[in-house]
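Colleague: In this note's numbering, the protein residues as written are 1157 to 1677.
(1) Please name the residue in 1495, 1530, 1663 whose C-alpha comes closest to that of residue 1625.
(2) Would residue 1342 and residue 1637 qualify as a contact pair, given that the criterion is a beta-carbon distance under 9 Å?
(3) Need the endpoints of the alpha helix (DSSP H) that residue 1206 sits in, please.
(4) Would you mind stating whether residue 1557 and residue 1411 have Cβ atoms separated by less than 9 Å?
(5) Starting from residue 1430, trace the beta strand (DSSP E) in both directions and tell me its first and last residue.
(6) Do you know how far the Cα of residue 1320 is from the Cα of residue 1458?
(7) Going by Cα to Cα distance, which pick from 1539, 1423, 1400 is closest to residue 1560?
(8) Since residue 1344 and residue 1201 are thought to touch, with beta carbons under 8 Å apart, how far apart are those beta carbons, to the nearest angstrom?
(9) Contact between the stretch 1218-1231 and the stretch 1265-1281 is defined here as three or more beta-carbon pairs at a separation below 8 Å; is this criterion met?
(10) Compare the C-alpha of residue 1389 against each of 1541, 1421, 1376, 1367 and name the closest.
(11) Identify the residues that DSSP records as bridge partners of residue 1516: which are they?
(12) Figure out for me which residue from 1333, 1425, 1336, 1513 has the closest Cα to the Cα of residue 1530.
(13) Could you check if residue 1655 is buried or exposed, using at least 16 other CB atoms within 10 Å of its CB as the buried criterion?
(14) State whether the stretch 1433-1453 contacts the stretch 1473-1489, with contact taken as three or more CB pairs (one from each stretch) at a distance under 8 Å.
(15) On the DSSP bridge list, what partners appear for residue 1544?
(16) Starting from the C-beta of residue 1527, find all residues in its chain whose C-beta is less than 6 Å away, skip the five residues before and the five after it, and write them out in chain order.
(17) Using the beta-carbon count (16 or more within 10 Å), is residue 1349 buried or exposed?
(18) Report the start-end ranges of each beta strand (DSSP E) in the stretch 1539-1597 that is 3 residues or longer and not cut off at the edges.
(19) Please work out which residues of its chain come closer than 7 Å, Cβ to Cβ, to residue 1184, disregarding the five sequence neighbours upstream and downstream, and give them in chain order.
(20) For residue 1502 and residue 1525, I'd like the C-alpha separation in whole angstroms.
(21) Quick check on this structure: which residue in 1318, 1211, 1326 has the alpha carbon closest to the alpha carbon of residue 1243?
(22) Check each candidate in 1630, 1276, 1615, 1622 and name the one with the smallest Cα separation from residue 1224.
(23) Among residues of its own chain, excluding the 5 on either side of residue 1285, which ones have a beta-carbon nearer than 6 Å to its beta-carbon?
(24) Considering only the alpha carbon of each residue, which of 1363, 1307, 1562 lies closest to residue 1378?
(25) When we look at the beta-carbon of residue 1446 and count the other beta-carbons within 10 Å, is it buried (16 or more) or exposed?
(26) Report the rounded CA-to-CA distance for residue 1504 versus residue 1317, giving the unit in angstroms.
(27) Going by CA-CA distance only, name the one from 1518, 1540, 1633 that's closest to residue 1490.
(28) Mind checking which residues open and close the alpha helix (DSSP H) that includes residue 1637?
(29) Taking the beta carbon of residue 1647 as the centre, do at least 16 other beta carbons fall within 10 Å, making it buried, or is it exposed?
(30) In whole angstroms, give me the CA-to-CA distance for residue 1611 and residue 1599.
(31) Taking only three categories from DSSP, how would you classify residue 1333?
(32) Just the Cα atoms here: how many angstroms apart are residue 1259 and residue 1365?
(33) Look at residue 1650 and residue 1236 and say whether their C-beta atoms are less than 9 Å apart.
(34) How far does the beta strand (DSSP E) with residue 1609 in it reach, from first residue to last?
(35) Could you tell me the alpha carbon to alpha carbon distance between residue 1630 and residue 1564, rounded to whole angstroms?
As structure tokens, this is what we get:
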């Protein structure tokens, strides 16, 4: 497995002209339309190619829904982390790195969108791209022409009057709550009913964690990662120290791909799953010939991605692991929570010294957000409100760098029921008892965006809206009043709204700091 780290390109000469000035004053009105700044020749041809590609992607429905487009800048995309840096003052160096990072997100998304277009559509785009004047691009492939033209279009967009100020003001990510739905559902009133349901779920969850000894419905099967390339604690500390950046900088962390692979292997959890049937077997997501989403249990894999959080004046790395199951089976006729595909997302936040700082988890629907802080953190005081707070299901002692954990999952629901550090007496006993554990491999989560479509091409597991089609739950007919589209359906990274009452997103750059502070501060 090779994981490509987040590595934006170097700062461009176009941004070396000093500080961005007059940001607030210039944001009152948008810049002229980008095409107004296109003269002729290569610039016009490039603008036409980018426009043709965007139109083709829209028609084919192959848009990548994980990152937001920036209004007025067709070749930039933004996530919540980068959006958190969109505030003045911003000098030229910081602005340049920030733009580089958004260009990298767009480049990545366009590669996926091109790959997933039907072959005949790509062929037509290829004909359009060959109309570019000679010398416009160095990489004479369709992807290379698109990328070179995206750079030209970005330069044009930045050159319009107040273009940079407009970018800072509009590099935002819309939240995944629809205010119109909340208004239609009388949310100021019905929100209290939602809050009651949330409180009952929280009570039941805390009681289940307190028991932590319920007899299994089936057999406890442990799935353990291959750790041939795992790091020693000293290597973890050095690697994480090289990744941690000051909060005042954009996320330009650089890490060797092999080191990142090893970091994931070093912290990959054991999954101890109460297995009562095939729906409790982890596997690789796919779409069957009839279009129904499924998993292949013959390919036990856990998907990984690198994320970041801004906490206590630093930008800290987060290791995200996602395991998928074929479905959440119904426990009774008409079970509103049942449906195709289910899973668990497990996130490990590493501190400056490489030791685990906190863990949190959701299901891929964005549901069941739970926190497992270590003793390095203390919960912030919360004000009385109906909105959802941090559900702390378990607290752990301070852990050393490289400590792995065992996650006990319930049959059918795949609810998390216990987190056990494997270097503790209980963890050591559990590990010894699971000597014959099944092995799983790690793969980059990005691979789910270009799965084989069975027709010689590729398709994303996720739709342009970030939702996995075919995973809808009956609960959506009642929970739409929360403002969330299709509650309970599986979602792409960047589209996980995690609160029915209030607003919260799993990839919020300040999520951890919203609920926790360093112990003793």
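Cβ atoms here follow ideal geometry from the backbone N, Cα and C, with glycine treated the same way.
Modeller: The structure says:
(1) Translated into the one-based positions of the chain shown, residue 1625 becomes position 469. Comparing Cα-Cα distances from residue 1625 to each of 1495, 1530, 1663, the minimum goes to 1495.
(2) Locating residue 1342 in the chain shown gives position 186, counting from the first residue. Locating residue 1637 in the chain shown gives position 481, counting from the first residue. Closer than 9 Å, so yes.
(3) Your numbering for residue 1206 matches position 50 in the chain shown. Segment 1197-1216, the alpha helix (DSSP H) holding residue 1206.
(4) Counted from its first residue, the chain shown places residue 1557 at position 401. Counted from its first residue, the chain shown places residue 1411 at position 255. Not a contact, by the Cβ cut-off of 9 Å.
(5) Numbered from its first residue, the chain shown carries residue 1430 at position 274. Run containing residue 1430: 1426-1431, per the beta strand (DSSP E) assignment.
(6) Position 302 of the chain shown holds residue 1458. Position 164 of the chain shown holds residue 1320. Going from the Cα of residue 1458 to the Cα of residue 1320 covers about 40 Å.
(7) Sequence index remark: in the chain shown, residue 1560 carries index 404 (1-based). Minimum Cα distance to residue 1560 is reached at 1423.
(8) Numbered from its first residue, the chain shown carries residue 1344 at position 188. Numbered from its first residue, the chain shown carries residue 1201 at position 45. Residue 1344 to residue 1201, Cβ: 52 Å. No contact.
(9) yes
(10) The residue you call residue 1389 lines up with position 233 of the chain shown. The shortest Cα separation from residue 1389 among 1541, 1421, 1376, 1367 belongs to 1421.
(11) Taking the chain shown and counting its residues from 1, the one referred to as residue 1516 is at position 360. In the DSSP output, where bridge partners are listed per residue, residue 1516 has 1503, 1527.
(12) Translated into the one-based positions of the chain shown, residue 1530 becomes position 374. Ranking the options by Cα distance to residue 1530, first place goes to 1513.
(13) Your numbering for residue 1655 matches position 499 in the chain shown. The residue in question, residue 1655, is buried, as its Cβ has 16 or more Cβ neighbours within 10 Å.
(14) yes
(15) As a first step, residue 1544 must be located in the chain shown, where it is residue number 388. None, per the DSSP bridge assignment.
(16) As a position in the chain shown, residue 1527 is number 371, starting the count at 1. 1516, 1546, 1548.
(17) Sequence index remark: in the chain shown, residue 1349 carries index 193 (1-based). Burial call: exposed.
(18) 1561-1565, 1572-1577
(19) Counted from its first residue, the chain shown places residue 1184 at position 28. The pLDDT assigned to residue 1184 is 41, lower than 50, so where the model puts this residue is not dependable; a value taken from the coordinates is nonetheless given after this. The answer is none, since no qualifying residue turns up.
(20) Residue 1502 sits at position 346 when you count from the first residue of the chain shown. Residue 1525 sits at position 369 when you count from the first residue of the chain shown. In a straight line, the C-alpha of residue 1502 is about 10 Å away from that of residue 1525.
(21) Translated into the one-based positions of the chain shown, residue 1243 becomes position 87. Looking at the Cα atoms, 1326 is the closest of the given residues.
(22) Reading the chain shown from its first residue, position 68 is the one you call residue 1224. Here the closest residue by C-alpha is 1622.
(23) Indexing the chain shown from 1 puts residue 1285 at position 129. The residues are 1205, 1298, 1301.
(24) On the chain shown, position 222 is the one that residue 1378 refers to. The candidate whose alpha carbon is nearest that of residue 1378 is 1562.
(25) By 1-based counting over the chain shown, the position of residue 1446 is 290. Result: exposed.
(26) The count along the chain shown starts at 1 and reaches residue 1504 at position 348. The count along the chain shown starts at 1 and reaches residue 1317 at position 161. Taking the straight line joining both Cα atoms gives about 43 Å.
(27) The residue you call residue 1490 lines up with position 334 of the chain shown. The residue with the shortest Cα to Cα distance from residue 1490 is 1633.
(28) Counting from 1 along the chain shown, the entry for residue 1637 is found at position 481. Per DSSP, residue 1637 belongs to no alpha helix (DSSP H) and is neither H nor E.
(29) Here residue 1647 is taken as the residue at index 491 of the chain shown, counted from 1. So residue 1647 ends up on the buried side.
(30) Here residue 1611 corresponds to residue number 455 of the chain shown, with the count starting at 1. Here residue 1599 corresponds to residue number 443 of the chain shown, with the count starting at 1. Cα-Cα distance, rounded: 23 Å.
(31) As a first step, residue 1333 is located in the chain shown; it is residue number 177 there, counting from the start. Residue 1333: coil per DSSP, three-state reduction.
(32) Start at 1 with the first residue of the chain shown, and residue 1259 comes out as number 103. Start at 1 with the first residue of the chain shown, and residue 1365 comes out as number 209. So the two alpha carbons sit approximately 44 Å from each other.
(33) Position 494 of the chain shown, counted from the start, is the residue given in the question as residue 1650. Position 80 of the chain shown, counted from the start, is the residue given in the question as residue 1236. Yes, these two residues count as a Cβ contact at 9 Å.
(34) In the chain shown, counting from the first residue as 1, residue 1609 sits at position 453. First-last for residue 1609: undefined, no H or E at that position.
(35) Taking the first residue of the chain shown as 1, we reach residue 1630 at position 474. Taking the first residue of the chain shown as 1, we reach residue 1564 at position 408. Spanning the two alpha carbons is a distance of roughly 27 Å.
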